[in-house]
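Let me begin by presenting the structure, written as structure tokens, before commenting on it.
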Amino acid sequence: MALTNQLAMNEVTNAADHRNNLTALRWFAACLVLYGHAFVFLGLPEPLFLQWVPMGQLGVYIFFAISGYLVAQSWQRDPSVPRFLAKRALRIFPGLLVCTLLSVLVLGPLLTTLDMATYWRNEHTLGYFTNLALYITYHLPGVFAQNKLPHAVNGSLWSLPVEFFMYLLLALLGLCAAWFQKTNSDDQTIQEPSKFSQGLTAMATVCLMGLTALWAWPSTDAWVFYRTDLRQIPLCGVYFMVGASLFQFKLNKYFSLSNVVLAVVLWLCLSREPQVFAMASWVVLPFVVLAFGLGCHTWLSRWHARDYSYGIYIYAFPVQQTWVSFWPQMPLWAYLLCTFVTTVALAALSWHFVERPSLKFKPFR
């Protein structure tokens, strides 16, 4: 199949029936996070993508861009807040629950430097379960105390409350749009039901861009609420909202090879101005990611039945910390191989026995 056909997406329904490259692209994003973290755990400088962001952060941005598009699509199909949130919760919490249980009941007892009685009596052991309320706790008593990144059991969980906040924001925008359309149904100035929704999405996107440029970037101190650095909401949320905007404004018609090449070339031309380059990434990265992801490559599109990306994301951090705690001087290539194989095995078990069975309970109208 020609590359232009792989990138093109003529029907929005492509994203729904999974005949696209999105699952493979989520795999790629999860593996970028694993790859970037490997350097940190071994005490090496993490490589930057185009001298812009660390590889792990790039993977997170890709996740948010894809999520914004698909979640906006999900809301449009079924604009019910209870069903919308139930679908999102069923995607996040079953896998997180099992990962948390394994961390507390298996990983902790095996690797803690404390005796078992002290470990179980420690308030932080039970406190680790606050992760299930997205009130993120990163350490278990005595676990990974001697690692180069000490005490951190699962640092990747920081993005989950940010992601869920974006779900709530999108639902709020949808409710506001629905209310406006209902109260102005007789207003002849409204040409299309979706215009106000598009306007709200665009406004939210521009606001997040402004918050990123004027607050999140210049700020050197974390603004923590509910154990989440609030700066991450605009930093990651801007990619989510641009992804949502690409769906809302039906810009998939511009997903072609020529437009992708043009966007990337223009983006690279801005590389000498780091701040402008980063700002351009807000639009270029989601555009390129979704243009490729919503295309259909014969081999890549077959990955939809094995969506291990979430499992890779939530298991990679503790797996990598475990390997490096036993072999801190392991060569990078061997470390990447061992952690990748172990993580994918756990992610496969999570997908086939926890995540996919849970998705069968998704409510439909």
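Counting in my numbering, the sequence shown runs from 490 upward without gaps.
Using N, Cα and C, we set each Cβ at its ideal position, and we do this for glycine too.
Exercise. Should the segment 801-811 be called in touch with the segment 822-840, which here means at least 3 C-beta pairs below 8 Å?
Worked result: Flag = yes, the segment 801-811 and the segment 822-840 touch.
Problem set entry | Runs of alpha helix (DSSP H) lying entirely within the segment 603-631, each at least 4 residues, in chain order | 605-610, 612-616
For this session: Counting only the same chain and skipping the five closest in sequence on each side, list residues whose C-beta sits under 6 Å from that of Ile801.
Result: In chain order, Ala519, Thr832, Ala836 place their CB closer than 6 Å to the CB of Ile801, counting only its own chain and leaving out the 5 sequence neighbours on each side.
Problem set entry | Whole-angstrom C-beta distance between Ser760 and Leu539, which should lie under 8 Å | 7 Å
Problem set entry | Sub-8 Å separation of Ala733 and Thr701 beta-carbons | no
For this session: Whole angstroms is fine: what's the gap from Leu523's alpha carbon to Gly584's?
Result: 18 Å
Problem set entry | Residue from Phe736, Leu757, Pro707 with nearest C-alpha to Pro723 | Pro707
Exercise. Cβ atoms of Leu757 and Tyr550: under 8 Å apart, would you say?
Worked result: no
For this session: Ignore the nearest five residues each way along the sequence and tell me which others in Ile625's own chain have a CB closer than 8 Å to its CB.
Result: Thr619, Leu646, Trp647, Leu649, Pro650, Arg716, Thr717
For this session: Output the residue ranges of the alpha helix (DSSP H) runs that lie fully inside the segment 642-705 and measure 4 residues or longer, sorted by chain position.
Result: Listed in chain order, the complete alpha helix (DSSP H) runs (minimum 4 residues) inside the segment 642-705 are 648-672, 684-700.
Exercise. Who does Leu537 pair with in a DSSP beta bridge?
Worked result: Pro543
Exercise. How big is the Cα-Cα spacing for Val777 and Arg566?
Worked result: C-alpha separation (whole angstroms): 24 Å.
For this session: Go ahead and pull the three-state DSSP assignment for Phe714.
Result: strand
For this session: Count the C-beta pairs between the segment 556-570 and the segment 593-606 that are closer than 8 Å, then say yes if the count reaches three, no if not.
Result: no
Exercise. Rounded to a whole number of angstroms, what is the C-alpha to C-alpha distance between Ala711 and Leu719?
Worked result: A straight-line Cα-Cα distance of about 7 Å links Ala711 and Leu719.
Problem set entry | Neighbourhood of Thr694 by C-beta distance below 8 Å, restricted to the same chain and skipping five residues each side | Val727, Met730, Val731, Ala733, Ser734
Exercise. In the structure shown, what three-state DSSP assignment does Pro817 receive?
Worked result: coil
Problem set entry | CA-to-CA distance, Leu600 to Pro631, given in whole angstroms | Reading off the sequence shown, one finds Gly at residue 631, where the question assumed Pro. In a straight line, the C-alpha of Gly631 is about 8 Å away from that of Leu600.
Problem set entry | Coil, strand or helix - Ser858 by DSSP | In this structure the chain extends from 490 to 854, so residue 858 is not present and cannot be described.
Exercise. Any idea if His526 is buried or exposed, counting beta-carbon neighbours within 10 angstroms, 16 or more meaning buried?
Worked result: buried
Problem set entry | Buried versus exposed call for Gly532 [16 or more other C-beta atoms within 10 Å across all chains shown] | exposed
Exercise. For Leu783, which three-state DSSP category applies?
Worked result: Here DSSP, grouped into helix, strand and coil, assigns Leu783 to coil.
Exercise. CB-CB under 8 Å to Leu638, same chain, minus the five flanking residues each way: which ones, in chain order?
Worked result: Val529, Phe530, Gly644, Gln810
Exercise. Which of the three DSSP states, helix, strand or coil, is assigned to Ala634?
Worked result: coil
Exercise. Does DSSP put Glu762 in a helix, a strand or coil?
Worked result: The DSSP-derived three-state label of Glu762 is coil.
Exercise. I think Ala660 touches Val570, with their Cβ atoms under 8 Å apart; what is that distance to the nearest whole Å?
Worked result: Their Cβ separation, rounded to whole angstroms, is 5 Å, which keeps Ala660 and Val570 in contact under 8 Å.
For this session: Taking Phe517 as part of the alpha helix (DSSP H), name the residues at either end of that continuous run.
Result: 511-530
Exercise. Can you tell which of Gln687, Leu623, Leu579, Val772 has the C-alpha that lies nearest to the C-alpha of Val916?
Worked result: No information on residue 916 is available, as it lies outside the stretch 490 to 854 that the chain covers here.
Problem set entry | Candidates Pro820, Thr607, Ala834, Ala823, of which the one nearest Tyr799 by Cα | Ala834
For this session: Output yes or no for whether 8 Å exceeds the beta carbon distance between Gln737 and Gln687.
Result: yes
Exercise. Is Thr614 closer than 8 Å to Leu629 when the C-beta atoms are compared?
Worked result: yes
Problem set entry | Close beta carbons around Ala666, own chain, < 7 Å, minus the five adjacent residues each side | Excluding residues within five positions, the ones whose Cβ falls inside 7 Å are Phe685, Ser686, Leu689.
For this session: Measure the alpha-carbon distance for Phe853 versus Thr607 and round it to whole angstroms.
Result: Linking Phe853 to Thr607 through their CA atoms gives a straight-line distance of about 47 Å.
Exercise. Any idea if Glu681 is buried or exposed, counting beta-carbon neighbours within 10 angstroms, 16 or more meaning buried?
Worked result: Confidence in Glu681 is poor, its pLDDT being 46 and thus under 50, which makes the residue's placement too unreliable to answer from.
Exercise. Excluding five sequence neighbours on each side, which residues of the same chain lie with their C-beta closer than 7 Å to the C-beta of Phe517?
Worked result: none
Exercise. Tyr617 to Val713, Cα distance in whole Å?
Worked result: If you take the alpha carbons of Tyr617 and Val713, they lie about 18 Å apart.
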